[in-house]
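With the first letter of the sequence shown counted as 1, position 31 gets the number 31 in the UniProt record's numbering; the numbers rise by one all the way through.
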Amino acid sequence: SDVDLKKPLKVIFDGEEAVDAGGVTKEFFLLLLKELMDPVYGMFTHYKDSNLLWFSATCFVEQNWFHLIGIICGLAIYNSTVVDLHFPLALYKKLLDVLPKLEDFKELSPTEARSLQELLDYEGGDVEETFLLNFSITRESYGMVEVKELVPGGESIAVDKNNRKEFVEAYLRYVFTDSVSEQYSAFSSGFLKVCGGEILALFQPSELMAMVVGNNNYNWEEMEKNAVYKGEFSATHPTVRLFWEVFHEFSLEKKKQFLLFLTGSDRIPIHGMESLRIVIQSTTAEEHYLPVAHTCYNLLDMPRYQTKEILRRRLTQAVEQYEGFSLV
Numbered sequence: 001s002d003v004d005l006k007k008p009l010k011v012i013f014d015g016e017e018a019v020d021a022g023g024v025t026k027e028f029f030l031l032l033l034k035e036l037m038d039p040v041y042g043m044f045t046h047y048k049d050s051n052l053l054w055f056s057a058t059c060f061v062e063q064n065w066f067h068l069i070g071i072i073c074g075l076a077i078y079n080s081t082v083v084d085l086h087f088p089l090a091l092y093k094k095l096l097d098v099l100p101k102l103e104d105f106k107e108l109s110p111t112e113a114r115s116l117q118e119l120l121d122y123e124g125g126d127v128e129e130t131f132l133l134n135f136s137i138t139r140e141s142y143g144m145v146e147v148k149e150l151v152p153g154g155e156s157i158a159v160d161k162n163n164r165k166e167f168v169e170a171y172l173r174y175v176f177t178d179s180v181s182e183q184y185s186a187f188s189s190g191f192l193k194v195c196g197g198e199i200l201a202l203f204q205p206s207e208l209m210a211m212v213v214g215n216n217n218y219n220w221e222e223m224e225k226n227a228v229y230k231g232e233f234s235a236t237h238p239t240v241r242l243f244w245e246v247f248h249e250f251s252l253e254k255k256k257q258f259l260l261f262l263t264g265s266d267r268i269p270i271h272g273m274e275s276l277r278i279v280i281q282s283t284t285a286e287e288h289y290l291p292v293a294h295t296c297y298n299l300l301d302m303p304r305y306q307t308k309e310i311l312r313r314r315l316t317q318a319v320e321q322y323e324g325f326s327l328v
């Protein structure tokens with residue numbers, strides 16, 4: 001029932017003894033959404049130049065799958081769990097009944113949006129002859145090119161200096177609304193089933209987005225400052241110093257991978273880095289063993305590596321091998 005959806009979620013993986021102190025719930029959302037968002041289902045279009053997703057206008061899965069993803073996003077908020085969903089701000093605008101604008105399309109599809117901006121900015125009087133557009137667009141679907149009219153009879157309406165603003169508005173309406181209305185409607189009804197109500201209206205779109213996916217205002221020095229050490233380790237221990245040297249030399253992508261490995265999410269909680277406290281604990285294991293992450297507790301068990309090169313190799317191996325939740 002709708003009431004049950006708003007109860008705290010406790011997750012137990014079959015065959016595992018993990019105590020759900022938050023990490024197992026995080027892992028549950030990550031694995032479930034990774035499966036649902038698999039490109040094989042064709043539910044979402046991946047925009048390569050922005051690495052963002054939008055609802056696919058040509059998918060054939062049942063609408064209740066979109067409904068389910070909406071519910072899961074709502075549950076993530078209710079259970080204070082950030083999930084890594086690559087949706088643009090436009091989605092959160094729509095959930096708050098704010099109309100997406102050209103700026104939102106620039107975030108999703110920069111190249112297409114730039115063309116629309118050029119059309120609006122063109123100062124010559126020969127718009128029709130220069131751009132050769134009408135009120136339709138072509139879309140490729142399963143190898144077939146289809147013409148979609150943006151307004152009734154759009155193929156026979158040329159875009160000129162006087163109606164180009166209406167063309168851009170119709171274009172955006174097609175992308176964000178008309179072409180995906182059923183998919184979005186199913187998603188939003190699922191989301192609002194968990195997170196609907198008057199309180200939603202208090203959020204700005206960017207705030208709602210941060211509630212779902214956390215934020216990416218990474219401050220790695222803050223993470224180091226807040227770290228807690230156990231066993232023989234302290235902030236001045238040689239191995240700990242080597243660890244932070246190696247970590248700060250990682251690329252942004254590798255740092256995010258480490259965050260995923262250690263915490264179950266590569267995003268930052270809504271309250272920022274100061275609320276992310278990682279624990280690094282020494283072990284008696286030999287140097288050929290990899291560090292082990294306990295996602296529930298943001299805890300890293302690490303052997304006392306003697307050299308920077310060995311530490312870098314072992315940490316990289318551990319991060320790249322990470323696939324799922326386990327309690328060791």
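C-beta: ideal position from N, C-alpha, C; glycine also.
- Excluding its 5 nearest sequence neighbours in each direction, Thr45 has C-beta neighbours in its own chain below 6 Å: Trp54, Ser56, listed in chain order.
- Looking at the DSSP output, Val147 sits in a beta bridge with Thr138.
- In terms of Cα proximity to Asn216, the closest of Lys255, Val40, Phe233 is Lys255.
- A straight line joining the alpha-carbon of Ile71 with that of Ser234 spans about 43 Å.
- Taking a C-beta distance under 7 Å as the contact criterion, Val194 and Leu85 do not qualify as a contact pair.
- Judged by DSSP in its simplified three-state form, Met209 adopts helix.
- Distances from the CA of Trp244 to each of Met37, Leu315, Asn163 were compared; the closest alpha carbon is that of Leu315.
- With fewer than 16 other Cβ atoms inside 10 Å of its own Cβ, Leu120 counts as exposed.
- Taking the C-beta atoms as reference points, Pro110 is found no nearer than 7 Å to Asp38.
- Taken through DSSP and simplified to helix, strand or coil, Lys230 comes out as strand.
- With the rule of 3 Cβ pairs closer than 8 Å, the region 252-266 counts as touching the region 285-300.
- If you draw a 10 Å sphere on the C-beta of Ala201, you find fewer than 16 other C-beta atoms in it, and that means exposed.
- Here Phe29 is buried: its Cβ has 16 or more other Cβ atoms, across all protein chains shown, within 10 Å.
- Within the same chain, Cβ atoms closer than 6 Å to the Cβ of Gln183 are found at Phe55, Phe66, the five residues on either side in sequence being excluded.
- With contact defined as three or more Cβ pairs closer than 8 Å, the region 202-210 and the region 144-153 are not in contact.
- Cβ contact annotation for Glu128 (same chain, cutoff 6 Å, sequence separation greater than five): Ala158, Asp160, in chain order.
- Of the candidates Glu286, Leu300, Phe176, Glu27, the residue whose Cα lies closest to the Cα of Asn79 is Glu27.
- Per DSSP, the continuous alpha helix (DSSP H) segment holding Thr316 begins and ends at 308-321.
- DSSP lists Tyr47 as the bridge partner or partners of Leu52.
- Every unbroken stretch of the alpha helix (DSSP H) spanning 4 or more residues and falling wholly within the region 80-136 is given here in chain order: 89-95, 102-108, 110-121, 127-131.
- Setting aside the 5 residues that flank it on each side, Val228 is surrounded in the same chain by Arg277, Val279, each with a C-beta closer than 7 Å to its C-beta; the list follows chain order.
- Using a Cβ distance threshold of 7 Å, Arg304 and Thr239 count as a contacting pair.
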